[in-house]
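One line per chain: the protein sequences are B and X, in this order.
Here the first sequence is numbered in numbering that gives the first Met the number 0, starting from 0 and rising by one per residue.
Here the second sequence is numbered in numbering that gives the first Met the number 0, starting from 0 and rising by one per residue.
Heads up, the beta-carbon is just placed ideally off N, CA and C, and yes, glycines get one too.
Only a predicted model underlies this, so the values are computations on that prediction, with no experimental measurement involved.
Notes to accompany the following structure.
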Amino acid sequence: MQAATQAAAYRGGRQWAAWGFLLPLVAYLLLFYAYPLYRNLELSLRDYTVRSFVQGGAPFTGLTNYRDIVDDPTFEPALTHTVVFTVVSLGFQFAIGMALAVFFHQHFRLSATLRALFLVPWLLPLIVSSSTWSWMLNSEAGVVNTVVRALGGEPIHWLTSPGWSLASVTIANIWIGIPFNLVLLYSGLQNISPQIYEAAALDGATGWQRFRRVTFPLLRPVSAITLLLGLVYTLKVFDVIWIMTRGGPADSSTTLATWSYQLGFGSLLPQFGPGAAVGNLLIVAALAAGLAYIRVQHWQAGRA
Amino acid sequence: MKRRAAWWKTGVGVVLTAVMLFPVYWMVNVSFTREQDMRKSPPDWFPTHGTLEGYRAVLDQQLPYLGTSLLLALGTAALTLVVAAPAGYSLARLRPFGGGALSFLLLVAQMIPGIIMAMGFYAFYLNLGVLNTVAGLIVADATIAVPFGVIIFQAFMSAVPEEITQAATMDGAGPVRTFWSVVLPVSRNATITVALFAFLWAWSDFVFASTLDGGGQLRPITLGIYQYIGHNNQQWNAIMATAVVASIPAAVLLVVAQRYIAAGVTTGAVRD
C-alpha cells in the first residue's frame, strides 16, 4: 500500500518534472506561434485600415475579406500559378533527385565528395540564389541568353515577359530543391538491402528492370514522404519569386504566397485584412498537405 | 574492366556537379568582373580582368549588416537550444501526459508558411513596440527552428541507452541533474545539428527581416542584398560580392559539418 502511494507520488513528481521541462516550449508556442496566428485570423475577419491597425477598433466583417479575395481578378491566376509552380517544381525536383540518388548510390571514386557538393544550392540563403538567377536570366547581359544566342536562338525575356516569368522562377526553384530530394532519396536507397539487388542480378535483371521492379517499389515509402514534404515546402515558397519578379510582370508569376505579401506589405497602402485572408487559405492548403504527410509517416511507422 | 567503368562514372559525376554548381561559379565570377565588362557579349567566362571593387564596396557598405546577421544567427541558435533541448528531453524520457499531442502540434507548426506568420507577428510587434529590433527578430526567426529542434532532440535522446540514465537515478540524480550532466552531454551531435540549422536559417532569413525589420537601424545582410538590388541595378559585381560573403557560413558548414547536415535532413523527415 505504502509502496503504491510512493509510486504514485513518484509518478506525480515525474509529471511535474516532465511539464517543467516543457514549460519554455509551451510558453514559446503559445506566445509566438498561437498568438500571431490568432492575430492573423482576427485580421482576416475585420475591416482594417492603417489607422485602426495601429489604434484598434476595426469593425468585424465576418467573411467579407474572404469573399473579396475570391472575387478579385488576381485570385484565379494566383491559384493557377501556385498549382503549376508547385506541381512542375515537385515533378522535376523529384525526377532529377531520384536519378542523381541512383547514380550516386553506385559508390564510385569521389562520389561522396560530389554528393556533398550537391548540397550547396540548398544551403545558400535564398536571396543569394535568387539574385544570382536574376542576373543569369537578365535579358541583355545574362549568361543564359548568351548560351541561347550561341545555339542560334532569339534572346528570351525571362523575367520581363509575362509568358516566361513563371517558368523562370520555377527553374530557379527546381534548382534549389534538387539537393533535398537527393539527400532523402539517397538515404532511402541506403536502407535497401544489397542482397535484394544480388538476387535480382542472379535472376538476370537488367539495370532498368532492377530500377523499375526493385528500387522504385521499395522506395515508395520514402518517395511519398519526400513528395509530401516537398509539397509543404513549395507551397511556402515566397522569397524566390518575390526577389526575382515580385510576382510580375502584371501578376504573371504571382502565387498565393506573393499575393498575400503584396497585399499586406508590398504597397504604400497596406490591405492587411485581405492579405491575412489569402494567407489563411494558404495555411489550409499547407495543413492539408501536412496532415497527409503525418498520416503517411504514421502508417509507415506502424508497418515497420 | 570494372576499374575503367568506375572512372567513367567519376567523369559523369564531375560533369553533373559542374552543371549543378554553375550558378554558384557564376556568382563568384561576376563578383570579380569589372564594371565596364559587366554587359559585354559574350561575357568573360573566367575573371581574367579580375577586380576587387565589388568586395571593396562590401567592406565599405555591408559590414554592419554582416554584424547584425551574425548577432541574429547566434541569438536564434541560442534561443532555439534553450527552448528545444529540455522539451526534447521531456518528450523522449519523461513521458508527459499529452506529449503525443504536443509532438503532433510541432509537426503541424512546421507546415505553416513563414510569410503568414510574419503578418501576425507584424500586428503583434507593432502593438508591443518591438518592430525593427534585433531581439524581436531573433524571437521570430526561432519559430523556423524550434519545432525542428525539438524533433531532433527527441529523436536523439530517445536513443540514449536506458542504463546510463538509470545509473544516474541510482546515484540519486533528479531529472534536472540527469538532463544536464548525463543526457545533454551525450547528445552533443543533436545539439550541434540543431544549432547549425538554427544559425543557418536565421542567417538566411528574408521573410521576417523584410517584414519586421524593414526600417530599423540594425538590418541583416539579406536585406542589405535586397536593397542593393532595388537601388543600384548596375553594380552587379558589388551585389554578387555581397552574395558570396553571405554564402560563407553555408560553405563553412558544408566543409565542417557535412555529416550533421545529412543527419538533420533525414531525421527531421523520416523516422526510422
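Do three or more CB pairs link the segment 188-205 of chain B to the segment 254-274 of chain B at distances below 8 Å?
Two segments are said to touch when three or more pairs of C-beta atoms, one from each, lie closer than 8 Å; by this definition the segment 188-205 of chain B does not touch the segment 254-274 of chain B.
What are the uninterrupted segments assigned as alpha helix (DSSP H) that are 4 or more residues long and contained completely in the segment 70-138 of chain X, given in chain order?
With a minimum length of 4 residues, the continuous alpha helix (DSSP H) runs that stay inside the segment 70-138 of chain X are 98-110, 113-127.
List the residues of chain B whose Cβ lies closer than 9 Å to the Cβ of residue 245/X, in chain order.
Translated into the one-based positions of the second sequence, residue 245/X becomes position 246. Annotation: Cβ neighbours of residue 245/X in chain B (cutoff 9 Å, chain order): 123, 124, 126, 127.
Can you list, in chain order, the residues of the segment 126-147 of chain B whose Cβ is nearer than 8 Å to any Cβ on chain X?
Listed in sequence order: 126, 127, 128, 130, 131, 132, 133, 134, 135, 139, 140, 142, 145.
Here's a check: name, in chain order, each residue in its chain whose Cβ is nearer than 8 Å to the Cβ of residue 269/X, leaving out the five neighbours to either side.
If you number the second sequence from 1, residue 269/X lands on position 270. In this predicted model, residue 269/X has a pLDDT of only 48, less than 50, meaning its place in the structure is not dependable; the value taken from the coordinates is given anyway. Counting only Cβ-Cβ distances below 8 Å, and skipping sequence neighbours, we find nothing.
Which residue comes first and which comes last in the alpha helix (DSSP H) that contains residue 28/X?
Along the second sequence, one-based indexing puts residue 28/X at 29. Per DSSP, residue 28/X belongs to the alpha helix (DSSP H) from 21-30.
Cβ of residue 80/X within 7 Å of Cβ of residue 5/X?
Translated into positions along the second sequence, residue 80/X becomes position 81. Translated into positions along the second sequence, residue 5/X becomes position 6. Result no, Cβ atoms of residue 80/X and residue 5/X do not sit closer than 7 Å.
Partner residues on chain X for residue 13/B, Cβ-Cβ distance less than 7 Å:
Your numbering for residue 13/B matches position 14 in the first sequence. Correct list: 93.
Less than 8 Å between C-beta atoms, sequence neighbours within five positions excluded: which residues of the same chain meet that for residue 205/X?
As a first step, residue 205/X is located in the second sequence; it is residue number 206 there, counting from the start. In its chain, beyond the 5 residues on either side, 221, 222, 225 have a beta carbon closer than 8 Å to the beta carbon of residue 205/X.
Does any C-beta atom of chain X lie closer than 7 Å to the C-beta of residue 209/B?
Numbered from its first residue, the first sequence carries residue 209/B at position 210. At a cut-off of 7 Å between beta-carbon atoms, residue 209/B makes no contact with chain X.
Does the Cβ-Cβ distance between residue 157/B and residue 136/B come in under 7 Å?
The residue given as residue 157/B occupies position 158 in the first sequence. The residue given as residue 136/B occupies position 137 in the first sequence. In this structure, residue 136/B lies closer than 7 Å to residue 157/B by Cβ.
Using DSSP's beta-bridge definition, name the partner residues of residue 114/B.
Locating residue 114/B in the first sequence gives position 115, where the first residue counts as 1. Paired residues: none, contrary to the question.
My understanding is that residue 154/B touches residue 146/B, with C-beta atoms under 8 Å, so please give their C-beta distance in whole angstroms.
To locate residue 154/B, count along the first sequence from 1; it is residue 155. To locate residue 146/B, count along the first sequence from 1; it is residue 147. That pair is no contact at about 10 Å.
Please state whether the Cβ-Cβ distance between residue 59/B and residue 68/B is less than 7 Å.
Within the first sequence, residue 59/B is the residue found at index 60, counting from 1. Within the first sequence, residue 68/B is the residue found at index 69, counting from 1. No, the Cβ-Cβ distance between residue 59/B and residue 68/B is not below 7 Å.
Under a CB-based cut-off of 7 Å, is residue 82/X close to chain B?
On the second sequence, position 83 is the one that residue 82/X refers to. Yes, residue 82/X lies at the interface with chain B (some Cβ there is under 7 Å from its Cβ).
By DSSP, does residue 59/B sit in helix, in strand, or in coil?
By 1-based counting over the first sequence, the position of residue 59/B is 60. In this structure, residue 59/B counts as strand in the three-state DSSP scheme.
Do you know whose CA, among 127/B, 296/B, 181/B, lies nearest residue 113/B's CA?
For the purposes of this step, residue 113/B is taken as the residue at position 114 of the first sequence. Proximity to residue 113/B across 127/B, 296/B, 181/B peaks at 181/B, based on C-alpha coordinates.
Please state if the CB of residue 212/X and the CB of residue 126/X are separated by a distance shorter than 7 Å.
Taking the second sequence and counting its residues from 1, one reaches residue 126/X at position 127. Taking the second sequence and counting its residues from 1, one reaches residue 212/X at position 213. Residue 126/X is not a Cβ neighbour of residue 212/X, given a cutoff of 7 Å.
Roughly how many angstroms lie between the CA atoms of residue 140/X and residue 224/B, to the nearest whole one?
Within the second sequence, the letter at position 141 stands for residue 140/X. Within the first sequence, the letter at position 225 stands for residue 224/B. Going by the C-alpha atoms only, they are around 26 Å apart.
Does residue 84/B come within less than 7 Å of chain A when only Cβ atoms are used?
No chain A is present in this structure, whose protein chains are B and X.
Is the beta carbon of residue 53/X less than 7 Å from the beta carbon of residue 249/X?
Here residue 53/X refers to the residue found at position 54 when the second sequence is read from its first residue. Here residue 249/X refers to the residue found at position 250 when the second sequence is read from its first residue. Cβ atoms of residue 53/X and residue 249/X: not closer than 7 Å.
Any chain B beta carbon closer than 7 Å to residue 165/X
Locating residue 165/X in the second sequence gives position 166, counting from the first residue. For residue 165/X, no CB of chain B lies under 7 Å from its own CB, so it is not counted at the interface with that chain.
Let me confirm a value: residue 169/X is counted as buried when at least 16 other C-beta atoms fall within 10 Å, else exposed. Which label applies?
For the purposes of this step, residue 169/X is taken as residue 170 along the second sequence, with counting starting at 1. It is exposed - the Cβ of residue 169/X has fewer than 16 other Cβ atoms within 10 Å.
At least one CB of chain B closer than 7 Å to the CB of residue 46/X: is that the case?
Taking the first residue of the second sequence as position 1, residue 46/X is located at position 47. Interface criterion not met: the Cβ of residue 46/X is under 7 Å from no Cβ in chain B.
Just the chain B side, please: which residues come within less than 7 Å of residue 102/X by C-beta, in chain order?
Here residue 102/X corresponds to residue number 103 of the second sequence, with the count starting at 1. In chain order: nothing, as chain B lies at least about 10 Å away.
Looking only at its chain, what residues have a beta carbon closer than 7 Å to the beta carbon of residue 240/B, apart from the 5 residues adjacent to it on each side?
Sequence index remark: in the first sequence, residue 240/B carries index 241 (1-based). So the qualifying residues of the chain are 168, 246, 252, 254, 257.
At a CB-CB cut-off below 8 Å, which residues of chain X make contact with residue 237/B?
What you label residue 237/B is simply residue 238 of the first sequence in a count that begins at 1. Ordered by position in chain X, the residues that pass the 8 Å Cβ test against residue 237/B are 112, 113, 114, 206.
Determine the direct distance from the alpha carbon of residue 129/X to that of residue 118/B, and round the result to whole angstroms.
Mapped onto the first sequence, residue 118/B falls at position 119. Mapped onto the second sequence, residue 129/X falls at position 130. One C-alpha to the other measures close to 36 Å.
Please state whether the Cβ-Cβ distance between residue 228/X and residue 130/B is less than 7 Å.
Looking up residue 228/X in the second sequence gives position 229. Looking up residue 130/B in the first sequence gives position 131. Contact flag set, yes.
Cut-off 6 Å between Cβ atoms - residues of its own chain near residue 263/B, not counting five sequence neighbours on either side:
The count along the first sequence starts at 1 and reaches residue 263/B at position 264. For residue 263/B, where only same-chain residues beyond five positions count, the Cβ hits under 6 Å are 269, 271, 274.
Of all Cβ atoms in chain B, is any one closer than 7 Å to the Cβ of residue 0/X?
On the second sequence, position 1 is the one that residue 0/X refers to. Its pLDDT being 44, under 50, residue 0/X is placed unreliably in this model, and the coordinates cannot settle the point.
Give the interface partners of residue 39/B over in chain X, defined as CB-CB distance under 7 Å, in chain order.
Position 40 of the first sequence holds residue 39/B. In chain order: 115, 118, 119.
With 7 Å set as the bound, which would you pick, yes or no: does the beta-carbon of residue 106/X sit closer than that to a beta-carbon of chain B?
Sequence index remark: in the second sequence, residue 106/X carries index 107 (1-based). Yes, residue 106/X lies at the interface with chain B (some Cβ there is under 7 Å from its Cβ).
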